[in-house]
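Asks:
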């Protein structure tokens with residue numbers, strides 16, 4: 014009988030323990046779920062706030078990039094007295110390529126559509142310079158190249174460089 018009473022007592026305590034644990038779980042279940050929900054929200058908030066300065070800096074750098082490859086700024090900055098069109102073309106293309114490579118990682122922090130616009134603007138700028146050089150006579154100078162590019166830019170209805178900068182500004186304003 015000793016064993017029977019011991020097993021009965023052990024079963025009673027085990028059943029009481031199981032019932033106590035189940036009741037306790039149901040009483041604090043919502044608190045546990047809220048705790049983990051708030052922890053996850055806090056982690057998301059931290060990741061968003063740590064990315065915000067990087068996204069803002071990326072937009073700033075891309076605006077500087079667009080301004081630097083704008084032919085009206087690029088040609089003035091790179092022009093040298095007596096430079097040939099081919100030499101100026103090489104300087105311009107090298108400068109655009111260098112600026113682009115310097116800023117290529119900024120695509121991580123900007124909208125894909127904005128990055129595609131920036132990349133297309135870069136490609137269009139390179140194509141424009143190459144097309145103008147092909148249309149110049151053999152006796153042309155670097156000044157002639159600059160004039161032709163700037164004349165072409167004046168015929169464009171809306172300045173693509175200003176449109177791209179405005180797009181990037183609009184994206185920055187949507188972050189706030």
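Residue numbers (the numbering used here): 14 to 189. All C-beta atoms in this analysis are idealised placements derived from N, C-alpha and C, irrespective of residue type, glycine included.
Less than 9 Å separating the beta-carbons of residue 97 and residue 163?
Replies: By 1-based counting over the chain shown, the position of residue 97 is 84. By 1-based counting over the chain shown, the position of residue 163 is 150. Not in contact: residue 97 and residue 163 (Cβ atoms no closer than 9 Å).
Asks: Would you mind stating whether residue 105 and residue 87 have Cβ atoms separated by less than 9 Å?
Replies: Counting from 1 along the chain shown, the entry for residue 105 is found at position 92. Counting from 1 along the chain shown, the entry for residue 87 is found at position 74. Cβ atoms of residue 105 and residue 87: closer than 9 Å.
Asks: For the structure I just gave you, are there three or more beta carbon pairs, one from the segment 112-126 and one from the segment 65-76, closer than 8 Å?
Replies: As far as the Cβ criterion goes, the segment 112-126 touches the segment 65-76, which means the pair count is three or higher.
Asks: Can you check the segment 74-147 for any alpha helix (DSSP H) of at least 4 residues that lies completely inside it and give the ranges in chain order?
Replies: Listed in chain order, they are 84-91, 98-116, 125-147.
Asks: So residue 154 packs on residue 109, CB below 8 Å; how close in whole Å?
Replies: As a working note, residue 154 is residue 141 in the chain shown. As a working note, residue 109 is residue 96 in the chain shown. About 21 Å; that fails the 8 Å criterion.
Asks: Judging by CA-CA distance, which residue of 177, 183, 187, 186 is the nearest neighbour of residue 81?
Replies: Along the chain shown, read from residue 1 onward, the residue named residue 81 stands at position 68. Among 177, 183, 187, 186, the Cα nearest to that of residue 81 belongs to 177.
Asks: Does the Cβ of residue 90 lie closer than 8 Å to at least one heavy atom of the ligand MN?
Replies: Annotation note on the ligand MN: not contained in the displayed structure, which lists no ligands.
Asks: Determine whether the beta carbon atoms of residue 146 and residue 102 lie at a separation below 9 Å.
Replies: As a position in the chain shown, residue 146 is number 133, starting the count at 1. As a position in the chain shown, residue 102 is number 89, starting the count at 1. Going by C-beta atoms, residue 146 is nearer than 9 Å to residue 102.
Asks: Compare the Cα-Cα distances from residue 129 to each of 37, 33, 75 and report the closest residue.
Replies: If you number the chain shown from 1, residue 129 lands on position 116. Closest by alpha carbon: 75.
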